[in-house]
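K.L.:
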């Protein structure tokens with residue numbers, strides 16, 4: 001007998017829609033391999049939400065949303081509900097949170113997640129904001145309610161980071177985390193090194209390819225790396241960092257001479273986030289362009305790829321590299337977290 | 348309240364002793380972070396076993412075993428019990444299996460594991476043999492009894508392999524596994540390439556460093572890689588392979604010219620195990636020296652290190668590299684599996 005799981009999706013942007021499609025596409029595998037039958041009973045959006053206790057035809061819904069730019073004529077539309085109303089009212093088991101993040105306030109995701117946990121609903125989030133602002137509060141609330149709060153997609157989409165530390169390195173003490181966590185900056189530095197492009201040229205190419213945003217500040221100033229690193233250090237090292245606690249140096253305007261000078265010395269420049277536990281047990285973290293020797297496990301993380309290295313007391317150095325970084329990769333990370341919530345260890 | 352877990356260790360070689368010491372060393376962390384209080388209530392060895400329902404002082408026992416070459420004067424000694432008698436008689440929750448493997452018969456580990464599962468005892472194994480011989484039987488038995496059977500340490504010690512696929516890539520379909528799974532052969536090929544040593548010189552150095560065995564056949568003929576690959580493909584791709592099903596080419600006697608010729612073309616020769624699912628769904632696998640292009644994620648796995656690359660439908664390519672490969676690393680992998688058995692998903 002498969003376990004029925006009622007899912008609410010807040011935010012129906014590219015990641016939310018890709019998640020909905022993936023749940024449909026993988027329904028056979030979910031039943032056969034994991035004994036799960038997820039049904040999407042609600043979709044929360046700014047201009048009205050969908051709600052149907054019997055489940056929503058999500059593939060047709062996603063197609064229509066793209067065609068019409070919204071839920072204009074959907075049979076399950078509740079026009080005056082936003083995401084929070086849906087989370088307050090629907091009977092559900094898990095919230096999938098994919099709304100756009102306001103990194104300063106964490107909203108509206110923070111309210112969605114608080115409400116969900118308060119109502120006994122597990123949370124899987126692609127959103128960093130709430131955890132950057134209220135990590136301790138939310139994890140304490142989840143623990144108190146004996147609920148899961150999973151954030152793989154927020155930490156680095158399909159590159160496994162937090163679950164590697166939690167599961168694959170269970171029992172080991174993480175002493176250091178080093179991460180190439182931002183694909184845009186790694187693409188720019190890679191292009192400068194291999195093609196001799198200037199920073200501006202490489203950035204323009206990244207923008208043309210859809211890798212960089214029109215306003216690249218979040219990426220190139222190191223904010224995105226700092227956000228991800230703070231999340232990972234908090235979960236995997238028991239730290240209590242906000243991104244503001246990190247020393248942060250970005251790569252904006254870096255000169256070709258600096259990048260190629262590193263190459264001439266046999267080093268490879270990458271934007272690396274490093275969190276380290278010192279002897280007193282305190283975790284400190286920084287983001288900066290680093291000159292990696294060629295035998296460093298992150299030296300080979302090329303182009304828009306990402307990677308993370310954990311150094312631990314008993315397992316030494318373990319590095320994970322890769323993972324699809326588009327909306328489908330983020331959706332796959334959400335689905336993985338959903339599966340792992342309902343998975344029992346003795347199976 | 349911490350959960351009491353009664354553990355039997357079969358095999359008190361370097362890995363078994365290191366596991367016992369690690370459980371002691373990590374007892375505070377196990378209680379605080381995982382709510383676990385493991386107590387080693389039995390240690391099985393060929394020339395007599397230890398048994399004490401109240402727990403054995405494992406650190407003193409390990410020290411004495413090394414001093415005296417056995418359990419000669421231990422207060423908990425049952426002189427006429429071998430491992431199987433212990434598994435048959437002791438009240439226990441989990442068996443840690445670390446006896447030397449006979450790869451052809453899987454014994455004595457196979458009997459220990461059958462007996463344990465039959466009695467309702469979870470199994471964590473550093474032993475490949477039983478799973479190469481009786482993978483389907485043992486997993487079916489574990490499933491029937493609702494027990495865990497975990498083999499991280501058997502697959503690649505502290506390099507996470509199976510748990511990455513099972514947990515971090517949950518929901519993704521693994522289409523291909525590529526692994527540099529044997530440290531000895533990778534050391535030899537690395538030395539030949541970087542130092543211009545002959546095969547014989549590099550092998551002798553590996554033997555002098557304790558990386559290679561006096562009889563290196565298992566490693567250099569690719570048997571060890573084939574064994575690990577078959578295990579990983581069976582668990583992660585639902586295959587049903589024995590190592591005999593694999594095409595296997597080792598590196599014994601490979602010429603310096605071949606290795607350096609690859610280098611001259613910008614390629615790096617490594618012994619790689621590859622398991623692939625074809626369009627009909629069938630998984631085939633082979634082990635052979637491969638010429639990796641420099642941008643292949645396993646190209647940078649240097650010296651005695653190991654690595655594995657999973658290619659999946661939704662997460663693309665994810666590579667894991669590193670992990671301590673000595674007895675402490677294997678013990679850490681055993682401990683991780685033990686923790687993950689008793690970990691509840693909603694915590």
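Chains as they are written, first to last, in our numbering: chain W, 1 to 347; chain D, 348 to 694.
Positions of the beta carbon are idealized from the N, C-alpha and C atoms, including for glycine.
Just so we're clear, the structure is a prediction, and the values are computed from it rather than from any experiment.
1. Take the Cβ of residue 82 of chain W as the centre, count every other Cβ of all protein chains shown within 10 Å, and call the residue buried at 16 or more, exposed below.
2. So with Cβ pairs under 8 Å, would you call residue 183 of chain W a contact of chain D?
3. Nearest to residue 124 of chain W by alpha carbon, out of W/107, W/137, W/93?
4. Does the separation of the CB atoms of residue 423 of chain D and residue 446 of chain D fall below 8 Å?
5. Under 7 Å Cβ-Cβ, which residues of chain D neighbour residue 302 of chain W?
6. From the DSSP output, in three-state form, read off residue 417 of chain D for me.
7. Indicate the three-state DSSP secondary structure (helix, strand or coil) for residue 82 of chain W in the structure shown.
8. How is residue 1 of chain W classed by DSSP in three states: helix, strand or coil?
9. Tell me residue 269 of chain W's beta-bridge partners as DSSP assigns them.
10. Can you tell me which of the three DSSP states residue 311 of chain W falls into?
11. Leaving aside the five residues before and after residue 431 of chain D along the sequence, list all residues of the same chain whose C-beta is less than 7 Å from its C-beta, in chain order.
12. For residue 671 of chain D, which residues from the same chain have a beta carbon less than 8 Å from its beta carbon, with the 5 sequence-adjacent residues on both sides left out?
13. In chain order, which beta strand (DSSP E) runs of at least 3 residues are fully inside the region 487-554 of chain D?
14. In whole angstroms, give me the CA-to-CA distance for residue 413 of chain D and residue 369 of chain D.
15. For residue 330 of chain W, return the contacting residues in chain D, with the cut-off set at a CB-CB distance below 7 Å.
16. From the beta carbon of residue 515 of chain D, is the nearest beta carbon of chain W less than 8 Å away?
17. Suppose you measure from the CA of residue 538 of chain D to the CA of residue 550 of chain D; what does that come to, to the nearest Å?
18. So which residues of chain D does residue 108 of chain W contact, with C-beta pairs closer than 9 Å?
19. Please report the straight-line C-alpha distance between residue 224 of chain W and residue 572 of chain D, rounded to a whole angstrom.
20. What does DSSP give as the partner residues of residue 257 of chain W in its beta bridges?
21. Measuring alpha carbon to alpha carbon, tell me which residue in W/227, W/230, W/283, W/96 is nearest residue 42 of chain W.
22. For residue 496 of chain D and residue 489 of chain D, which I take to be in contact (beta-carbon distance under 8 Å), what is that distance rounded to the nearest angstrom?
23. What residue does the alpha helix (DSSP H) around residue 371 of chain D start on, and which one ends it?
24. What residue range does the beta strand (DSSP E) around residue 36 of chain W cover?
25. Can you list the residues of chain D that residue 281 of chain W reaches, using a CB-CB cut of under 7 Å?
26. Taking C-beta pairs closer than 7 Å, name the residues in chain D that residue 327 of chain W reaches, listed in chain order.
27. Helix, strand or coil: how does DSSP classify residue 643 of chain D here?
28. Once you ignore the five residues that flank residue 582 of chain D on each side, which residues in its own chain have a CB closer than 7 Å to its CB?
29. Taking the C-alpha atoms as reference points, what is the distance between residue 40 of chain W and residue 546 of chain D?
30. Would residue 569 of chain D and residue 596 of chain D qualify as a contact pair, given that the criterion is a beta-carbon distance under 8 Å?
31. Let's test the definition: count the other Cβ atoms within 10 Å of the Cβ of residue 365 of chain D and tell me whether it reaches 16, buried, or not, exposed.
32. How many Å lie between residue 375 of chain D and residue 310 of chain W at the Cα?
33. For residue 105 of chain W, is the classification buried or exposed, using 16 other Cβ atoms within 10 angstroms of its Cβ as the cut-off for buried?
34. Name the two residues that bound the continuous alpha helix (DSSP H) containing residue 115 of chain W.
35. When the Cα atoms are used, what is the spatial distance from residue 350 of chain W to residue 667 of chain D?
36. If you draw a straight line from the C-alpha of residue 264 of chain W to the C-alpha of residue 642 of chain D, how long is it?
P.N.:
Looking at the atomic coordinates:
1. Within the first chain, numbered from 1, the residue matching residue 82 of chain W stands at position 82. Under this definition residue 82 of chain W is a buried residue.
2. Against the first chain, residue 183 of chain W aligns to sequence position 183. No, its Cβ sits nowhere closer than 8 Å to a Cβ of chain D.
3. Your numbering for residue 124 of chain W matches position 124 in the first chain. Measuring from the Cα of residue 124 of chain W, the nearest candidate turns out to be W/93.
4. Taking the second chain and counting its residues from 1, one reaches residue 423 of chain D at position 76. Taking the second chain and counting its residues from 1, one reaches residue 446 of chain D at position 99. Contact flag unset, no.
5. Your numbering for residue 302 of chain W matches position 302 in the first chain. In chain order: 642.
6. Locating residue 417 of chain D in the second chain gives position 70, where the first residue counts as 1. If DSSP states are grouped into helix, strand and coil, residue 417 of chain D belongs with coil.
7. Sequence index remark: in the first chain, residue 82 of chain W carries index 82 (1-based). In this structure, residue 82 of chain W counts as coil in the three-state DSSP scheme.
8. Translated into positions along the first chain, residue 1 of chain W becomes position 1. Correct three-state label for residue 1 of chain W: coil.
9. Along the first chain, read from residue 1 onward, the residue named residue 269 of chain W stands at position 269. Paired residue(s): W/291.
10. If you number the first chain from 1, residue 311 of chain W lands on position 311. Residue state, collapsed to three classes: strand.
11. The count along the second chain starts at 1 and reaches residue 431 of chain D at position 84. Only 455, 458, 459, 462 meet the Cβ criterion.
12. Taking the second chain and counting its residues from 1, one reaches residue 671 of chain D at position 324. For residue 671 of chain D, where only same-chain residues beyond five positions count, the Cβ hits under 8 Å are 504, 505, 679.
13. 521-527
14. For the purposes of this step, residue 413 of chain D is taken as the residue at position 66 of the second chain. For the purposes of this step, residue 369 of chain D is taken as the residue at position 22 of the second chain. Cα to Cα, residue 413 of chain D sits roughly 16 Å from residue 369 of chain D.
15. For the purposes of this step, residue 330 of chain W is identified with residue 330 of the first chain, where counting begins at 1. Here the premise fails: no neighbours, minimum Cβ distance about 10 Å.
16. Looking up residue 515 of chain D in the second chain gives position 168. For residue 515 of chain D, the answer is yes, since a Cβ of chain W falls inside 8 Å of its Cβ.
17. Taking the first residue of the second chain as 1, we reach residue 538 of chain D at position 191. Taking the first residue of the second chain as 1, we reach residue 550 of chain D at position 203. So the alpha carbons of these two residues sit roughly 9 Å apart.
18. Position 108 of the first chain holds residue 108 of chain W. Residues of chain D passing the Cβ test: none, with the nearest at roughly 25 Å.
19. Along the first chain, read from residue 1 onward, the residue named residue 224 of chain W stands at position 224. Along the second chain, read from residue 1 onward, the residue named residue 572 of chain D stands at position 225. Going from the Cα of residue 224 of chain W to the Cα of residue 572 of chain D covers about 39 Å.
20. Residue mapping note: residue 257 of chain W aligns to position 257 of the first chain, counting from 1. Answer by DSSP bridge pairing: none, since residue 257 of chain W is not bridged.
21. Here the question's residue 42 of chain W lines up with position 42 in the first chain. When only C-alpha atoms are compared, the closest one is W/96.
22. Here the question's residue 496 of chain D lines up with position 149 in the second chain. Here the question's residue 489 of chain D lines up with position 142 in the second chain. Sure, about 4 Å apart at Cβ, within 8 Å.
23. As a first step, residue 371 of chain D is located in the second chain; it is residue number 24 there, counting from the start. Run containing residue 371 of chain D: 361-372, per the alpha helix (DSSP H) assignment.
24. Locating residue 36 of chain W in the first chain gives position 36, counting from the first residue. 36-44 is the extent of the beta strand (DSSP E) around residue 36 of chain W.
25. Counting from one through the first chain, the residue named residue 281 of chain W turns up at place 281. Simply none; closest approach about 13 Å.
26. Walking along the first chain from the start, residue 327 of chain W turns up at place 327. Scanning chain D for C-beta atoms nearer than 7 Å to the C-beta of residue 327 of chain W yields nothing, as the closest lies near 11 Å away.
27. If you number the second chain from 1, residue 643 of chain D lands on position 296. Coil.
28. As a working mapping, residue 582 of chain D is identified with position 235 in the second chain. If we look at residue 582 of chain D and ignore the five residues flanking it on each side, its Cβ neighbours are 509.
29. The residue given as residue 40 of chain W occupies position 40 in the first chain. The residue given as residue 546 of chain D occupies position 199 in the second chain. Each residue's Cα considered, the two are about 59 Å apart.
30. Here residue 569 of chain D is taken as the residue at index 222 of the second chain, counted from 1. Here residue 596 of chain D is taken as the residue at index 249 of the second chain, counted from 1. Against a cut-off of 8 Å, the Cβ pair of residue 596 of chain D and residue 569 of chain D comes out as a contact.
31. Position 18 of the second chain, counted from the start, is the residue given in the question as residue 365 of chain D. Residue 365 of chain D should be labelled buried.
32. Here residue 375 of chain D is taken as the residue at index 28 of the second chain, counted from 1. Here residue 310 of chain W is taken as the residue at index 310 of the first chain, counted from 1. So the two alpha carbons sit approximately 22 Å from each other.
33. Counting from one through the first chain, the residue named residue 105 of chain W turns up at place 105. It is exposed - the Cβ of residue 105 of chain W has fewer than 16 other Cβ atoms within 10 Å.
34. As a first step, residue 115 of chain W must be located in the first chain, where it is residue number 115. Element bounds for residue 115 of chain W: 109-118.
35. Coverage of chain W is limited to positions 1 through 347, which leaves residue 350 of chain W absent and any answer about it impossible.
36. Residue 264 of chain W sits at position 264 when you count from the first residue of the first chain. Residue 642 of chain D sits at position 295 when you count from the first residue of the second chain. Whole-angstrom Cα-Cα distance: 20 Å.
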